[in-house]
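Working notes, structure below.
In our numbering, the protein residues as written are 5 to 877.
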């Protein structure tokens with residue numbers, strides 16, 4: 005039993021393996037015959053399946069295209085395939101359409117399946133090929149939003165033909181009341197109690213009602229006579245099903261079971277409608293081997309006429325023959341595509357099917373490309389022949405477009421109130437055109453205007469005009485022609501923009517627009533006024549020199565203004581000219597405070613202002629109350645800014661102060677403010693907004709400069725470790741504070757600079773050992789203990805230690821290294837707070853075997869050369 009189960013299991017596994025191998029071969033086969041691919045015959049759904057097959061094999065859409073080219077697919081078809089794939093991407097996700105190499109993989113959080121699902125929802129004709137979509141009427145039976153199923157919730161049609169299987173509901177009402185629920189037998193009869201069998205099959209509801217009235221009249225006498233008092237009504241209950249054969253050029257031909265109310269359109273919809281070769285205008289309905297109707301779908305689509313859409317009966321045959329004549333309409337019509345035509349159809353009929361011309365269409369003539377006698381020819385059909393010209397099968401009807409040219413247009417541009425296009429009528433002239441444009445602007449340049457005229461050969465000609473003379477009547481007016489363009493320049497368009505600049509000690513140094521008769525004081529007001537550091541005298545104005553042949557580059561003027569900015573006579577005599585540059589100098593005696601900081605073991609630590617240019621370390625220690633009892637003078641150090649330190653600019657200091665004042669008068673923080681404080685807040689708020697806007701512009705400029713700046717090629721600049729040391733913003737300077745306090749004013753007593761930090765630590769009682777020692781640690785300071793003893797406390801040197809380069813960093817920042825004299829090493833003296841650093845030996849790259857062989861070969865060659873020289877001597 006166990007063996008049989010194992011045998012069965014092995015057979016099942018074997019069959020599954022064969023099944024998957026078969027699937028793999030099918031997939032491979034589907035991707036191995038791409039050379040015969042016809043992209044125009046593929047629907048979007050088929051393109052989707054092709055992409056899925058490629059991705060299941062690990063290929064992207066671009067690789068799929070490459071594989072198709074390798075298999076022999078023509079470049080035209082390969083380009084069509086790429087365009088179709090890009091079209092799918094653009095429809096599902098426009099952002100992913102630009103990246104064709106990534107395919108339709110996950111994008112914007114959507115999977116490939118989600119993208120195709122969204123495409124199916126957005127396109128009701130997703131399963132149709134581009135050719136099928138162009139066939140007029142083809143979409144009718146492929147629209148998933150359209151339903152041709154007959155409505156059963158309607159009154160019983162009097163013309164309905166009763167057949168076997170129908171349920172008849174017979175109501176007798178009036179003087180007598182009765183109801184009968186009967187089914188029609190296969191022989192077409194119904195059985196009514198006390199009446200008998202009545203033949204109703206093949207009769208309409210109206211005829212069946214008449215028969216039933218006659219038969220029931222034998223029981224209900226009130227039904228008959230000239231003045232009846234009993235009435236009868238016949239209704240359909242459950243209707244029967246009929247079988248209809250749908251044959252011919254259909255998408256899904258076959259025999260279909262339909263409701264007895266079904267029409268021809270219902271049957272066509274069930275069968276998927278005519279296929280690419282099927283006729284839409286000659287659909288035939290046969291009943292009992294006789295042609296009973298011919299359906300023209302175009303009548304329904306173009307005119308809403310459904311008279312030929314008859315109700316089908318059981319065993320009807322609907323035949324869709326092949327299309328006999330089809331033409332293509334290309335151009336500006338409402339509906340381009342392929343249209344089926346009958347022999348009697350004309351171009352006017354075809355215009356109805358296309359929905360008519362668009363506004364861009366040239367309606368006076370149509371061009372027909374026709375194949376006749378095995379040759380191609382072109383036929384021009386004028387408008388008066390549209391009703392008589394009959395298109396033939398294979399015709400390509402080209403609709404032209406109107407020319408992009410006007411027949412009565414003139415234009416005016418430039419310095420007029422309403423520039424634009426105007427109609428050429430009643431002999432309009434230049435002056436009339438300007439009047440239509442509501443006149444000239446005040447800045448119009450009247451000395452000269454230009455009339456651009458299009459000649460008959462479509463070349464452009466320019467005609468200069470004396471506009472001032474035309475407007476005042478001293479010059480003859482010019483009559484305009486079609487497509488003339490009158491250009492009236494503005495004075496500002498033909499001259500350089502004028503400006504003045506101001507720099508130096510003002511609140512907002514910048515470039516400002518020039519105004520006639522403006523003075524230095526006016527410019528200072530625009531620049532936000534003078535700073536406290538500004539000098540109101542010796543203001544320099546640099547003015548451009550028009551003629552630099554003498555070697556003079558600028559004309560300089562020096563003036564003084566009133567400190568209160570009152571207009572003085574000197575200032576009014578020297579108004580500014582365009583492009584002047586005003587320099588506001590700093591007052592010679594102005595200096596803002598410079599601060600230093602004292603930290604550590606001193607009586608009054610903190611910030612101190614430098615009182616004089618030659619103030620020294622000893623002076624500020626006296627001002628700070630001297631050292632306290634815990635100070636360690638030997639460990640004192642001075643931190644000083646380097647040249648790479650970015651100092652705070654006066655503008656930044658000013659901004660900081662403005663923000664601090666603004667915070668104090670902010671109405672959201674302080675509810676008890678008077679009117680003057682509120683006005684101050686508004687002024688400061690405006691200044692801060694201007695400062696932030698300026699900073700934003702400067703930051704954008706810096707970003708652009710950094711993008712355009714070339715990388716530094718200096719090898720030192722590429723060394724990040726060197727840069728870290730080289731570009732330090734602060735350095736620690738070791739000082740001898742004991743000597744400074746004993747002998748103030750000597751060379752040890754340094755002159756202080758802005759930003760200096762004087763640090764005076766407590767006496768440290770430890771020694772730190774770092775670097776190439778076995779156990780880097782911190783040890784207690786022992787007086788008269790030398791460097792080797794401290795190294796021993798750290799476990800001694802490592803094998804990589806460079807003993808001769810050991811150095812000591814003292815608490816004040818000074819450093820001393822080990823010296824050697826006559827093979828004897830002299831180690832630095834150790835003081836409290838010192839740090840012993842043991843560097844590492846530099847790593848040397850060992851020579852490889854190939855390098856040793858190269859050296860040996862060179863030495864051998866050198867030996868042979870020397871031997872040759874000796875032998876020659």
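No residue lacks a Cβ here, since even glycine has one placed at the ideal position from N, Cα and C.
Model, not experiment: these values are computed from the prediction.
DSSP state of residue 873, grouped into three classes? Residue mapping note: residue 873 aligns to position 869 of the chain shown, counting from 1. Here residue 873 sits in helix by DSSP.
Assuming contact is defined by CB atoms lying nearer than 9 Å, are residue 433 and residue 483 in contact in what I supplied? What you label residue 433 is simply residue 429 of the chain shown in a count that begins at 1. What you label residue 483 is simply residue 479 of the chain shown in a count that begins at 1. Taking 9 Å as the Cβ cut-off, residue 433 and residue 483 qualify as a contacting pair.
Can we say the stretch 498 to 507 touches the stretch 558 to 578, given the rule of at least three CB pairs closer than 8 Å? No: fewer than three Cβ pairs fall under 8 Å.
If you follow the alpha helix (DSSP H) that residue 249 is in, where does it begin and where does it stop? Counting from 1 along the chain shown, the entry for residue 249 is found at position 245. Residue 249: not part of any alpha helix (DSSP H); member of the beta strand (DSSP E) spanning 245 to 252, first to last residue.
Just to confirm before moving on: does the CB-CB distance between residue 766 and residue 636 stay below 9 Å? Within the chain shown, residue 766 is the residue found at index 762, counting from 1. Within the chain shown, residue 636 is the residue found at index 632, counting from 1. In contact: residue 766 and residue 636 (Cβ atoms closer than 9 Å).
For the alpha helix (DSSP H) containing residue 622, name the first residue and the last one. The residue labelled residue 622 in the question sits at position 618 within the chain shown. 621 to 627 is the span of the alpha helix (DSSP H), which, as asked, contains residue 622.
Could you have a look at residue 858 and say whether DSSP puts it in helix, strand or coil? For the purposes of this step, residue 858 is taken as residue 854 along the chain shown, with counting starting at 1. It is helical.
Alpha carbon of residue 16 to alpha carbon of residue 133, nearest angstrom: Locating residue 16 in the chain shown gives position 12, where the first residue counts as 1. Locating residue 133 in the chain shown gives position 129, where the first residue counts as 1. Low confidence applies to residue 16: its pLDDT is 41, below 50, so where it sits in the model is not reliable, and the reading given next is rough at best. Rounded to the nearest angstrom, the two C-alpha atoms are 41 Å apart.
Are the beta-carbon atoms belonging to residue 528 and residue 569 less than 9 Å from one another? Locating residue 528 in the chain shown gives position 524, counting from the first residue. Locating residue 569 in the chain shown gives position 565, counting from the first residue. Going by C-beta atoms, residue 528 is nearer than 9 Å to residue 569.
Just confirm the distance between the C-beta atoms of residue 480 and residue 469, as a whole number of angstroms; I'd bet it's less than 8 Å. As a position in the chain shown, residue 480 is number 476, starting the count at 1. As a position in the chain shown, residue 469 is number 465, starting the count at 1. Between residue 469 and residue 480 the Cβ distance is about 10 Å, and since that is not below 8 Å, they are no contact.
Within the continuous alpha helix (DSSP H) that includes residue 793, where are the two ends? To locate residue 793, count along the chain shown from 1; it is residue 789. Start and end: 791 to 797.
What is the DSSP secondary structure of residue 475, counted as helix, strand or coil? Translated into positions along the chain shown, residue 475 becomes position 471. Here residue 475 carries a helix assignment [DSSP, helix/strand/coil].
Is the distance from the Cβ of residue 464 to the Cβ of residue 492 below 9 Å? Position 460 of the chain shown holds residue 464. Position 488 of the chain shown holds residue 492. Not in contact: residue 464 and residue 492 (Cβ atoms no closer than 9 Å).
Just to confirm before moving on: does the CB-CB distance between residue 321 and residue 331 stay below 9 Å? Mapped onto the chain shown, residue 321 falls at position 317. Mapped onto the chain shown, residue 331 falls at position 327. Cβ atoms of residue 321 and residue 331: not closer than 9 Å.
Cβ atoms of residue 535 and residue 640: under 9 Å apart, would you say? Working through the chain shown from its first residue, we reach residue 640 at position 636. Working through the chain shown from its first residue, we reach residue 535 at position 531. No.
How close, in whole Å, do the beta carbons of residue 306 and residue 382 come, if the pair is a contact with beta carbons under 8 Å? On the chain shown, position 302 is the one that residue 306 refers to. On the chain shown, position 378 is the one that residue 382 refers to. Their Cβ separation, rounded to whole angstroms, is 28 Å, which puts residue 306 and residue 382 out of contact at 8 Å.
Check this for me: beta carbons of residue 800 and residue 815, under 9 Å apart or not? Here residue 800 corresponds to residue number 796 of the chain shown, with the count starting at 1. Here residue 815 corresponds to residue number 811 of the chain shown, with the count starting at 1. No, Cβ-Cβ distance for residue 800 and residue 815 is not below 9 Å.
Just grab the DSSP bridge partners of residue 494 for me. Taking the first residue of the chain shown as position 1, residue 494 is located at position 490. Answer is 448.
Closest to residue 416 by CA distance: which of 486, 401, 317 is it? On the chain shown, residue 416 is found 412 positions in, with the first residue counted as 1. The shortest Cα separation from residue 416 among 486, 401, 317 belongs to 486.
With DSSP run on the structure shown, which of helix, strand or coil describes residue 715? In the chain shown, counting from the first residue as 1, residue 715 sits at position 711. Low confidence applies here, because residue 715 scores a pLDDT of 42, under 50, leaving its location unreliable; read the following figure in that light. DSSP places residue 715 in coil when its eight states are reduced to three.
Between the CA atoms of residue 247 and residue 319 - distance to the nearest angstrom: Residue numbering aside, residue 319 sits at position 315 when the chain shown is read from its first letter. Residue numbering aside, residue 247 sits at position 243 when the chain shown is read from its first letter. One Cα belongs to residue 319, the other to residue 247, and the distance between them is close to 5 Å.
Using C-beta distances below 8 Å, list every residue in its chain close to residue 217, excluding the 5 sequence neighbours before and after it, in chain order. Within the chain shown, the letter at position 213 stands for residue 217. Result list for residue 217: 227, 228, 236, in chain order.
Where do the N-terminal and C-terminal ends of the alpha helix (DSSP H) with residue 436 fall, by residue? Translated into positions along the chain shown, residue 436 becomes position 432. Start and end: 434 to 440.
Residue 725, buried or exposed, once every other Cβ within 10 Å from all chains shown has been counted against 16: On the chain shown, position 721 is the one that residue 725 refers to. The pLDDT assigned to residue 725 is 44, lower than 50, so where the model puts this residue is not dependable; a value taken from the coordinates is nonetheless given after this. Per the 10 Å Cβ criterion, exposed.
In chain order, what residues of the same chain have a beta carbon less than 6 Å from the beta carbon of residue 744, not counting five sequence neighbours either side? Numbered from its first residue, the chain shown carries residue 744 at position 740. Same-chain partners within the cutoff: 621, 622, 752, 753.
Candidates 830, 773, 671, 131: closest to residue 797 by CA position: Position 793 of the chain shown, counting from 1, holds the residue named residue 797. Closest by alpha carbon: 773.
Along the chain, where does the alpha helix (DSSP H) containing residue 571 start, and where does it finish? Counting from one through the chain shown, the residue named residue 571 turns up at place 567. Where residue 571 is concerned, there is no enclosing alpha helix (DSSP H), given that its DSSP letter is neither H nor E.
Euclidean distance between Cα positions of residue 531 and residue 612: Along the chain shown, one-based indexing puts residue 531 at 527. Along the chain shown, one-based indexing puts residue 612 at 608. Within the model, the alpha-carbon separation for residue 531 versus residue 612 is close to 34 Å.
Sorted by chain position, which residues of the same chain lie with C-beta nearer than 6 Å to residue 251's C-beta, five sequence neighbours on each side aside? The sequence position of residue 251 within the chain shown is 247, counting from 1. Cβ within range, chain order: 257, 323.
DSSP-derived helix/strand/coil call for residue 395: In the chain shown, the residue the question calls residue 395 occupies position 391. Residue 395 falls in the coil class under three-state DSSP.
Beta bridge counterpart(s) of residue 485 as assigned by DSSP: Position 481 of the chain shown, counted from the first residue, corresponds to residue 485. Residue 485 pairs with nothing; no bridge assigned.
Report the three-state DSSP secondary structure of residue 256 (helix, strand or coil). Taking the chain shown and counting its residues from 1, the one referred to as residue 256 is at position 252. Residue state, collapsed to three classes: coil.
Using the rule of at least 16 other Cβ atoms within 10 Å of the residue's Cβ for burial, across every protein chain shown, is residue 831 buried or exposed? Position 827 of the chain shown holds residue 831. Buried: at least 16 other Cβ atoms inside 10 Å.
Does the Cβ of residue 871 have 16 or more other Cβ atoms within 10 Å, making it buried, or fewer, making it exposed? For the purposes of this step, residue 871 is identified with residue 867 of the chain shown, where counting begins at 1. Exposed is the call here.
Can you tell me which of 191, 197, 193, 169 puts its alpha carbon nearest to the alpha carbon of residue 182? Here residue 182 is taken as the residue at index 178 of the chain shown, counted from 1. Checking every option, the nearest Cα to that of residue 182 belongs to 197.
For residue 840 versus residue 810, is the C-beta spacing smaller than 9 Å? Locating residue 840 in the chain shown gives position 836, counting from the first residue. Locating residue 810 in the chain shown gives position 806, counting from the first residue. In contact: residue 840 and residue 810 (Cβ atoms closer than 9 Å).
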